[in-house]
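Residue numbers (the numbering used here), protein chains in the order written: chain B, 1 to 357; chain G, 1001 to 1357.
Ideal Cβ positions, reconstructed from N, Cα and C, are used throughout, including at glycine.
As structure tokens, the structure follows; a few thoughts come after it.
2 protein chains.
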Amino acid sequence: MTAPFPLAPGSTIGIFGSGQLGRMLALAAARLGLNTHIYAPTGPDSPAAQVATEFTTGDYTDEAAITRFAKSCDALTYEFENIPAQTAALAQSLKPLSPSASCLDVAQDRLSEKRFISEKAGVAVAPFEDIKSPDDIKRFMQSINGACVVKTRRFGYDGKGQIIIKSQEDIDAAWAQLGDKALIAEAFIPFEREVSVICARGKAGQSACYPLIENVHRHHILHTSTSPAPRDNPDAQKLALKIMNALDYVGVMATEFFELPNGSLMVNEIAPRVHNSGHWTQDAGCTDQFEQHIRAVADWPLGDATPKHSVVMTNLIGDDVNNWADFAAEPGTAIHLYGKQEARQGRKMGHINRPQK
Amino acid sequence: MTAPFPLAPGSTIGIFGSGQLGRMLALAAARLGLNTHIYAPTGPDSPAAQVATEFTTGDYTDEAAITRFAKSCDALTYEFENIPAQTAALAQSLKPLSPSASCLDVAQDRLSEKRFISEKAGVAVAPFEDIKSPDDIKRFMQSINGACVVKTRRFGYDGKGQIIIKSQEDIDAAWAQLGDKALIAEAFIPFEREVSVICARGKAGQSACYPLIENVHRHHILHTSTSPAPRDNPDAQKLALKIMNALDYVGVMATEFFELPNGSLMVNEIAPRVHNSGHWTQDAGCTDQFEQHIRAVADWPLGDATPKHSVVMTNLIGDDVNNWADFAAEPGTAIHLYGKQEARQGRKMGHINRPQK
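Rendered as structure tokens:
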């Protein structure tokens, strides 16, 4: 159960998940002389498996395989929040898991997340309601006197499993589409802008926060992240750390906020992992979020989170990646591609970091 | 024989050699969505094999294995210059090899290298002589009227296979130790400082040069590289490009110089590959030498070679690496470790890049 922290070079960090976040975590670990072992249901061609020291294909419910995997590692983490709670608990019983299974438990369910943030951490979120029937939605809209967004409590990302509700017809349509799933309704927030912060917290409770990021979405998928945000909001890091302290969080966490016209912040959601809105850190002249997460998981001192450059990150979605040669020819533009074979529509294929003008 | 240049993401670059240079090349290629296949006589625990997409253990003279390896790749390169000429020629007959087999041929033999640089490229080197007997050394010392260094023509690195000769006793001792190998003698140069430049050259003859680097050696092993050098010598890049143009070189090349008290430069040696004195580029806010080499080999546009920060690179040799936790705690210090299991004396285990004060 105890690993020799801090993990010495040559130790192995196990990562659940084999997408681009796992890939960039594995690359960062390699730079520090740390090995990675990826566990995922996907094949050896998946983004993280291609670059990790070891790779196990296995289902997230295969307890025997997960036990073997955990035992082969010195510490464990994950690149996405949809690992079953039981798997996380099993893994944590075998080797130190950061962020902990309880952080995952909070963050993988929008309802428990909203309750934790507002009630335990005392940080503002949009008004929300547990939804068990079409009438619950109707009552919620009456209580907030306006439109709302109905979302699945689990497994949503990039706008999937979300429907904006303005009328009874919308309610009926939403119920037809999502009524078989556990749902939450959140008040529709007429925000001024979407911002996020990436913070790291270590095992001793020490923390390091990157500057405020301004995010622009297209078709519900992150399009650009600009760091630092053209206008700061100094509350963001304080609120994020309040949540992280309440969770006794270890690792990098992203906190996404809506900023209201009066400048106040409401948490949209947290991600218990490295996050797309932190990819600019790779080319900002400081420790990047991937290395920062690895440092926290391995109980190394946290790295420098003060960027030397301003950066605009742009996601390459689907066919965007076909323009790689143009991006490669742009002076000062850094290209990061994820090794995905097929450029399907809406699929994150890579990103570019450009100097902010 | 022809690959679809520029190599699209998902293509595979084959690399001969599995040391730290191959490792950092593989990590840079992964960032660009390019796969790597490492070929080396070492095992899967070797530095580059740990992070590459594919790895083949094989001898550099195993023509069948090399043929299979080359056919599995879209383009080929190498991380060190001691691949047999026949192997390079075979590889080049199957897939594009950059730098070419003829560059390797010139650079792997100190005599052909010195002759090429001085006679073909017209760039100054220390006076040198082909040595076939102890008397040849004596005659050479008389001709230069001073001390010399006797070196093996091939396979020398980090001061190995080099003896300073000041007397007849030294000649006898050197002959007893090295007399069975092909030798060269070079005039001992009372240099003011050792400097190097890292330049890249593309398939169309375009080039990109990093600033002058000042190098300090300890026990014949590179200790620190400072970029930019505290005092510039603008001839260095011009001379390096003269040599690279004469070689029709493709890729990153390091040129090491002695700077004489009058400021003139003499080439000490060239390395047809990425080079230890270019490791600072990883944390200088520009395209690093590893990505730059991959870009040249893949025929992508060359990246930005203008650093945004000044950096001092310090090698971690042998036990130095045991202080990793101290380096990790230094704000602004970037750590790069090579995944080598055993910290033997004189072995390069990693390096750190610190901001230049």
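Query                                                                                                                                                                                                           : Result
Quick check on DSSP: helix, strand or coil for residue 274 (chain B)?                                                                                                                                           : coil
So, is the C-beta of residue 1237 (chain G) closer than 9 Å to a C-beta in chain B?                                                                                                                             : no
List the endpoints of the continuous beta strand (DSSP E) containing residue 355 (chain B).                                                                                                                     : 348–355
Within 9 Å of any Cβ in chain G, is that where the Cβ of residue 60 (chain B) sits?                                                                                                                             : no
Whole angstroms is fine: what's the gap from residue 161 (chain B)'s alpha carbon to residue 187 (chain B)'s?                                                                                                   : 16 Å
Comparing the C-beta of residue 357 (chain B) with each C-beta of chain G, is any distance below 9 Å?                                                                                                           : no
Show which residues of chain G have a CB atom less than 7 Å away from the CB atom of residue 51 (chain B).                                                                                                      : 1030 and 1051
For residue 1064 (chain G) and residue 312 (chain B), what's the separation of their Cα atoms in angstroms?                                                                                                     : 48 Å
Under 9 Å between the Cβ atoms of residue 98 (chain B) and residue 250 (chain B)?                                                                                                                               : yes
If we count the other Cβ atoms within 10 Å of its Cβ and call it buried at 16 or more, is residue 1 (chain B) buried or exposed?                                                                                : Low confidence applies here, because residue 1 (chain B) scores a pLDDT of 43, under 50, leaving its location unreliable and the question unanswered by this model.
Taking the runs of the alpha helix (DSSP H) that are 4 residues or longer, which of them lie wholly in the stretch 201–251 of chain B?                                                                          : 235–247
Give the residues of chain B in contact with residue 1341 (chain G), contact being defined as C-beta atoms less than 7 Å apart.                                                                                 : 10
Could you tell me which uninterrupted beta strand (DSSP E) segments, each at least 3 residues in length, are contained entirely in the stretch 1138–1174 of chain G, listed from first to last along the chain? : 1148–1152 and 1162–1165
Can you say whether residue 1017 (chain G) is buried or exposed, counting buried as having 16 or more other CB atoms within 10 angstroms of its CB?                                                             : buried
Since residue 1336 (chain G) meets chain B, which of its residues come closer than 7 Å, beta carbon to beta carbon?                                                                                             : 31
Name, in chain order, the residues that DSSP records as bridge partners for residue 199 (chain B).                                                                                                              : B:209 and B:253
What is the rounded straight-line gap between the Cα of residue 42 (chain B) and the Cα of residue 327 (chain B)?                                                                                               : 29 Å
Report yes or no: do three or more beta-carbon pairs, one from the stretch 162–171 of chain B and one from the stretch 124–143 of chain B, lie closer than 8 Å?                                                 : yes
Would you give the residue range spanned by the alpha helix (DSSP H) that residue 330 (chain B) belongs to?                                                                                                     : It is not in any alpha helix (DSSP H) - residue 330 (chain B) carries neither H nor E in the DSSP assignment.
How many Å lie between residue 23 (chain B) and residue 1060 (chain G) at the Cα?                                                                                                                               : 31 Å
Helix, strand or coil: how does DSSP classify residue 306 (chain B) here?                                                                                                                                       : coil
Against residue 1212 (chain G), what residues of chain B qualify as contacts under a CB-to-CB distance less than 7 Å, listed in chain order?                                                                    : Per Cβ cutoff of 7 Å: no residues; residue 1212 (chain G) is ~21 Å from chain B at best.
Can a CB atom of chain B be found closer than 9 Å to the CB of residue 1252 (chain G)?                                                                                                                          : no
May I have the straight-line CA-CA distance separating residue 1083 (chain G) from residue 25 (chain B), to the nearest angstrom?                                                                               : 33 Å
Does the ligand ADP have a heavy atom nearer than 8 Å to the CB of residue 13 (chain B)?                                                                                                                        : In the structure on display, the ligand ADP does not appear, and there are no ligands present to speak of.
Rounded C-beta distance between residue 300 (chain B) and residue 6 (chain B)? I'm assuming under 8 Å.                                                                                                          : 5 Å
Drop a sphere of 10 angstroms on the beta-carbon of residue 238 (chain B), count the other beta-carbons inside from all chains shown, and report buried for 16 or more, exposed for fewer.                      : exposed
Where residue 1310 (chain G) and residue 257 (chain B) are concerned, what is the direct C-alpha to C-alpha distance, given to the nearest angstrom?                                                            : 36 Å
Are any of the Cβ atoms in chain B nearer than 9 Å to that of residue 1175 (chain G)?                                                                                                                           : no
With a threshold of 9 Å between beta-carbons, can residue 325 (chain B) be considered close to chain G, or not?                                                                                                 : yes
Does the beta carbon of residue 354 (chain B) sit closer than 9 Å to a beta carbon anywhere in chain G?                                                                                                         : no
Just checking my contact of residue 200 (chain B) with residue 154 (chain B) at CB under 8 Å: how many whole Å lie between their CB atoms?                                                                      : Actually they are not in contact, since the Cβ atoms of residue 200 (chain B) and residue 154 (chain B) sit about 26 Å apart, beyond 8 Å.
Go ahead and label residue 216 (chain B) buried or exposed: buried means 16 or more other beta carbons lie within 10 angstroms of its beta carbon, across all protein chains shown.                             : exposed
Is it a yes or a no for the stretch 1086–1096 of chain G touching the stretch 1064–1075 of chain G, going by three-plus beta-carbon pairs under 8 Å?                                                            : yes
Alpha helix (DSSP H) containing residue 105 (chain B): first to last residue?                                                                                                                                   : 101–107
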